[in-house]
Amino acid sequence: MDRFSSSTVIPEAFQGAKDDLTTQLALVWNQIKAPLIVPLLRLAVFLCLIMSVMMFIERVYMGVVITLVKLFGRKPDKRYKWEPMKDDIELGNSSYPMVLVQVPMYNEREVYQLSIGAACGLSWPSDRIIIQILDDSTDPTIKEMVQLECQRWASKGVNIKYEVRDNRNGYKAGALKEGMKRSYVKQCDCVAIFDADFQPEPDFLWRTIPFLVHNPELALIQARWKFVNSDECLMTRMQEMSLDYHFTVEQEVGSSTYAFFGFNGTAGVWRISALNEAGGWKDRTTVEDMDLAVRASLKGWKFLYLSDLKVKNELPSTLKAYRYQQHRWSCGPANLFRKMVLEIINNKKVSSWKKIHVIYSFFFVRKVVAHINTFVFYCIVLPATVLVPEVVVPKWGAVYIPSVITILNAVGTPRSLHLLVFWILFENVMSLHRTKATIIGLLEASRVNEWVVTEKLGDALKAKAGGKAPKKPRFKIGDRIHLLELGVAFYLFFCGCYDVMFGKNHFFIFLFIQSLAFFIMAFGYVGTIVPQS
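In UniProt numbering, the protein residues as written are 1 to 533.
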């Protein structure tokens, strides 16, 4: 009997301690909420609403411009002179510009044959083109395979050069810079650049080079990307939606209005004299392509985007590869903004309007504000208002502006409109990684120059062959659990539960669904979900 009595006392003691702890926490929360939490949260809401308005104005502006361009705008061959290249009886092939084609690669076992074959298949007078394979591979087996492939094409009469370095300094920028130092490059007028998974059509040079020949003010011709594996899984469909907006709207608007946009690092042709005048390739950030584009623009050079010229390529089809890519694409621009903002302001060669466009629109709103506001507002601040009902977010900021921005972002991929909700959840989760990378870039913290080559699985090659290859395993528990995503997931879930029990905002459905999205992404499952078309 005594034993039974003592066993019942212990749980009661624990329950009493638990109640005391809960009471103490509630007391502390009530004491700090009014003087500290409420003012800070109101300030956060105010700042987020300002950033939301900035994003809204930017999206609406680009929407209006792209509409006018589509309705009344002149096509590239109307804005700039374009005539097909013709044979010159007296000069022969020497009348054609000498073209260098650079293909940088690093341990590209799955796609090296594809990229080399596509580059060697470009149509151009054989004595006026040089294919340069820049192989930074550290795997000796892959390096030997790439070299043998180059030798095979050389035996067919293709002027192909296999170049290697004894280090990887500067990563891709370092390889491109080293390639430009070769003696045979001095005779070249233009350089076309293709990453290892890109497949240009044979007529690529015939459609781009004439613009550079007939328009001496043009420095860059950029083509659009076409994704061969966009239907592989839900994650690739989400990527397609984001990138289609970039190419359909952002690049087109920049080309049509300011003759400036960010070079995409591949599927483009540069005038070598412009590249050299801008200072060549620099490896100070992980976005060497954007760095070069901004410097060339500040020298007065113009760029042209060809939306109807598409180059096939492969999207990252594993979440790990996509995370690394997004870190580089978010950290690099923020770091470049930090390094170049004063240089842009002090530049004397470009107009004030172009400076404002580059600093405010291109860099600040798109590369900084968009990432930070998406995560902080929708994943931190808005859920926090459930816990602090004294802070009210106006409906126009919580519903109307996000809805308009989302719809405008979705116009680039009409076939995926039914996946819009999934895209919103996916972008909100990825905004966590983009925000972290943006802050790292702005502060030049650790990982600021981290470069992890995006893994390619040969999906482009499989699509071309029309066959099915055995898929590599996509899920490994050990390297897929991300504590930050789990933390945000639990935070959103807690806010949702609180809203169900005590809240007045009725955000719990959104909070639970967003929490689930963070849980799914934390464990890497999204790369295994195949969407219905």
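Built from N, CA and C at the ideal position, the CB exists for glycine as well.
Note that the structure is a prediction, hence the values are computed from the model and not measured.
query: From Cys233, Glu217, Leu212, Tyr245, residue whose alpha carbon lies closest to that of Arg224; result: Tyr245
query: Burial state of Leu21 (16 or more Cβ within 10 Å); result: exposed
query: Val311 vs Thr385 beta-carbon contact at 9 Å; result: no
query: Neighbourhood of Thr158 by C-beta, 7 Å cutoff - its chain only, sequence neighbours within 5 removed; result: Checking the sequence, you will find Val at residue 158 rather than Thr. The answer, listed in chain order, is Cys120, Ile131.
query: Ala259 - DSSP class collapsed to helix/strand/coil; result: coil
query: Span of the alpha helix (DSSP H) around Asn93; result: Per DSSP, Asn93 belongs to no alpha helix (DSSP H) and is neither H nor E.
query: Status (buried if at least 16 other CB within 10 Å, exposed otherwise) for Lys156; result: exposed
query: Ordered list of alpha helix (DSSP H) runs contained in the stretch 142 to 227, each at least 4 residues; result: 171 to 180, 204 to 214
query: Residues near Arg323 in its chain [Cβ-Cβ closer than 7 Å; skip 5 each side]; result: His433
query: Exposure label - Arg74; buried when at least 16 CB within 10 Å; result: exposed
query: Closest by C-alpha distance to Arg109, when choosing among Asp289, Glu90, Glu149; result: Glu149
query: Alpha-carbon to alpha-carbon, Ser126 and residue 537; result: As shown, the chain starts at 1 and ends at 533. That puts residue 537 outside it, with no answer to give.
query: Cβ-Cβ separation, Phe518 to Pro383 (assumed contact under 8 Å), whole Å; result: That belief does not hold up - the Cβ atoms of Pro383 and Phe518 are roughly 11 Å apart, past 8 Å.
query: Sub-9 Å separation of Arg128 and Val99 beta-carbons; result: yes
query: Close beta carbons around Ala489, own chain, < 7 Å, minus the five adjacent residues each side; result: Ser515, Phe518, Phe519, Ala522
query: Cutoff 6 Å; reference Ala174; Cβ partners in own chain excluding five residues on either side; result: Correcting the residue type first, residue 174 is Gly in the shown sequence and not Ala. If we look at Gly174 and ignore the five residues flanking it on each side, its Cβ neighbours are Asp283.
query: Close beta carbons around Cys48, own chain, < 7 Å, minus the five adjacent residues each side; result: Asn373, Val376, Phe377, Val381
query: Presumed contact (8 Å Cβ cut-off) between Asn264 and Gln222, rounded CB distance; result: 6 Å
query: Near the ligand NAD: Lys310 beta-carbon under 8 Å from a heavy atom; result: Looking at this structure, you won't find the ligand NAD or any other ligand, since it has none at all.
query: Buried or exposed (CB count within 10 angstroms, at least 16 for buried), Asn313; result: buried
query: Top-ranked residue by Cα proximity to Phe364, from Phe227, Asn347, Ser330; result: Ser330
query: Proximal residues to Ile345 (C-beta, below 6 Å), its chain only, five neighbours per side dropped; result: none
query: Collapsed DSSP secondary structure at Phe303 in the structure displayed; result: strand
query: Pair within 9 Å by beta-carbon distance, Pro76 and Leu212; result: no
query: Counterpart residues of Gly397 in DSSP-defined beta bridges; result: DSSP, once it has assigned bridges, lists no residue as partnering Gly397.
query: Strand pairing of Gly121, partner residues [DSSP]; result: Answer is none; Gly121 lacks a bridge partner.
query: Proximity of Asp139 and Met105 at Cβ, strictly below 9 Å; result: no
query: Buried versus exposed, by CB contacts within 10 Å (16 or more), Lys172; result: buried
query: Rounded Cβ spacing between Thr67 and Met241 (contact assumed at less than 8 Å); result: Contact flag wrong, Cβ pair sits at about 19 Å.
query: Residue from Lys355, Ser123, Ile133 whose Cα sits closest to the Cα of Val103; result: Ile133
query: Close beta carbons around Pro202, own chain, < 7 Å, minus the five adjacent residues each side; result: Gly121, Leu122, Ser123
query: Start-to-end residues for the beta strand (DSSP E) that takes in Pro389; result: Looking at the DSSP string, Pro389 is not in any beta strand (DSSP E), and its letter there is neither H nor E.
query: Beta-carbon contacts of Gly467 that lie in its chain and below 8 Å, excluding the five residues immediately before and after; result: With a pLDDT of 48 at Gly467, under the threshold of 50, the predicted position of this residue should be treated as unreliable, though the coordinate-derived value follows. None.
query: Straight-line gap, Asn107 to Arg338 (C-alpha atoms, nearest Å); result: 32 Å
query: Three-pair Cβ contact test at 8 Å for the stretch 253 to 263 versus the stretch 344 to 363; result: yes
query: Beta carbon of Leu442 nearer than 9 Å to that of Asn335; result: yes
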